[in-house]
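The structure under discussion appears below in the form of structure tokens.
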Amino acid sequence: MGPLLALASAVCYGIVDFTGGLLSRRAHFAAVTFLGQVGGLLLGTSAAFLLPADAVRPVDLLWGALSGVGSGAAMHFLNRGLSHGAMSVVVPVSAVTGVGLSVVCGVLLGDRPTAVAWLGIVLSVPALWMVCGGGTDDGGGVPDGLLASAGVALQYIALAQAGASSGLWPVAAGRMAAVLVLLPAAARHPRRLRLPPVRAVQAVLVGAGAALGLILYLLAAQRQLLAVAVVLASLYPALPVILGLALLHERLGRKQVVGLLGAGVATVLLSLG
Numbered sequence: 062m063g064p065l066l067a068l069a070s071a072v073c074y075g076i077v078d079f080t081g082g083l084l085s086r087r088a089h090f091a092a093v094t095f096l097g098q099v100g101g102l103l104l105g106t107s108a109a110f111l112l113p114a115d116a117v118r119p120v121d122l123l124w125g126a127l128s129g130v131g132s133g134a135a136m137h138f139l140n141r142g143l144s145h146g147a148m149s150v151v152v153p154v155s156a157v158t159g160v161g162l163s164v165v166c167g168v169l170l171g172d173r174p175t176a177v178a179w180l181g182i183v184l185s186v187p188a189l190w191m192v193c194g195g196g197t198d199d200g201g202g203v204p205d206g207l208l209a210s211a212g213v214a215l216q217y218i219a220l221a222q223a224g225a226s227s228g229l230w231p232v233a234a235g236r237m238a239a240v241l242v243l244l245p246a247a248a249r250h251p252r253r254l255r256l257p258p259v260r261a262v263q264a265v266l267v268g269a270g271a272a273l274g275l276i277l278y279l280l281a282a283q284r285q286l287l288a289v290a291v292v293l294a295s296l297y298p299a300l301p302v303i304l305g306l307a308l309l310h311e312r313l314g315r316k317q318v319v320g321l322l323g324a325g326v327a328t329v330l331l332s333l334g
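Numbering-wise (my numbering), the sequence shown opens with residue 62 and increments by one.
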């Protein structure tokens, strides 16, 4: 059951990144990000009520809230990057670098990565260089991908500190924190939120899908070895890249193809470590 939940999480994240990227090209990315977090809050809170928790501790909610700050930042920069950069570049950069940052932060917190993890860290550097086309980024999406990766790292590191006894309430607290973090920017530019009803509903559904992906990942980690769950859930960049190539006809150079393969290997190695 655990591997299936982790794979389902990867599928959710892959679909969310792809659809969120397309939506960010049709509506302002800030509106897509904010309304998406509102959708995530609705789904996360509903799921927390449906699945009972043994004991909800305030400290777990605080860790969940910090994770939500990372989620909000990650989605903001990811959607901004996808609004003008190539999907097959922005997503792998944010995913692989996010895993690498998670490992580094883990070391600072006392973790001791294995030789496999260190190999993944070393491999990710040339892989990212080649994904960017050998140092060129015509779409301008790499900087946003790197910023999004910091949010991804914070999301996973903070959420890992929450106890399992709190059920899904740390996820709900995280969605609330993400909404509050993004609210000031949304309030300063209210016109950006005035989307057509169809676009607004799409943005809410994208955010709900992201929250569902995070919930599935947590459930998988509770039922499966953490390393296995992380590896399977980390496969999500493959889906938007494939969809971007097939449906959007994004072109990749030879270096980028090798870089994507290297990024995939690096993600697995880092997760296993």
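All C-beta atoms, glycine included, are put in the ideal place defined by N, C-alpha and C.
Since the model is a prediction, treat every value here as computed from it, not as a measurement.
Original post:
Which residue comes first and which comes last in the alpha helix (DSSP H) that contains Ala239?
Top reply: Trp230 to Arg249
**OP:** Compare the Cα-Cα distances from Leu96 to each of Ala178, Leu254 and Met62 and report the closest residue.
**Re:** Leu254
**OP:** For the stretch 263-271 and the stretch 73-87, state whether three or more C-beta atom pairs, one from each stretch, are separated by less than 8 Å.
**Re:** yes
Original post:
Would you report the Cα separation of Pro204 and Gly142, rounded to the nearest angstrom?
Top reply: 8 Å
Original post:
So is Gly131 buried or exposed if we call it buried at 16+ other beta carbons inside 10 Å?
Top reply: buried
Original post:
Does the pairing of the stretch 220-240 with the stretch 117-126 give three or more beta-carbon distances under 8 Å?
Top reply: yes
Original post:
If you draw a straight line from the alpha carbon of Gln209 to that of His137, how long is it in whole angstroms?
Top reply: Checking the sequence shown, residue 209 turns out to be Ala, not Gln. For Ala209 and His137, the distance between alpha carbons rounds to 7 Å.
Original post:
What is the DSSP secondary structure of Gln222, counted as helix, strand or coil?
Top reply: coil
Original post:
What's the C-alpha gap between Leu112 and Gly105?
Top reply: 11 Å
Original post:
Do the CB positions of Ala114 and Gly206 come within less than 7 Å of each other?
Top reply: no
Original post:
Along the chain, where does the alpha helix (DSSP H) that runs through Ser107 open and close?
Top reply: Phe90 to Leu111
Original post:
Going by the beta-carbon positions, is the gap between Ala214 and Leu162 smaller than 7 Å?
Top reply: yes
**OP:** Return helix, strand or coil for Leu170, following the three-state DSSP convention.
**Re:** coil
Original post:
Sorted by chain position, which residues of the same chain lie with C-beta nearer than 8 Å to Pro258's C-beta, five sequence neighbours on each side aside?
Top reply: none
Original post:
CA-CA distance, Ala156 and Asp121?
Top reply: 25 Å
**OP:** Drop a sphere of 10 angstroms on the beta-carbon of Thr175, count the other beta-carbons inside from all chains shown, and report buried for 16 or more, exposed for fewer.
**Re:** exposed
**OP:** Report yes if the CB atom of Leu84 is closer than 7 Å to the CB atom of Gln263, and no otherwise.
**Re:** yes
Original post:
Any idea what DSSP makes of Ala114, helix, strand or coil?
Top reply: coil
**OP:** Determine, using beta carbons only, whether Leu66 and Leu180 come nearer to each other than 7 Å.
**Re:** no
Original post:
How would you label Leu139, buried or exposed, when you count the other beta carbons within 10 angstroms and need 16 or more for buried?
Top reply: buried
Subject >> Unbroken alpha helix (DSSP H) run spanning Gly270, endpoints >> reply: Pro258 to Arg284
Original post:
Would you say Leu277 and Ala69 are within 7 Å of each other, going by their C-beta atoms?
Top reply: yes
Original post:
Is the beta carbon of Pro231 less than 7 Å from the beta carbon of Ala223?
Top reply: yes
Original post:
If we count the other Cβ atoms within 10 Å of its Cβ and call it buried at 16 or more, is Val165 buried or exposed?
Top reply: exposed
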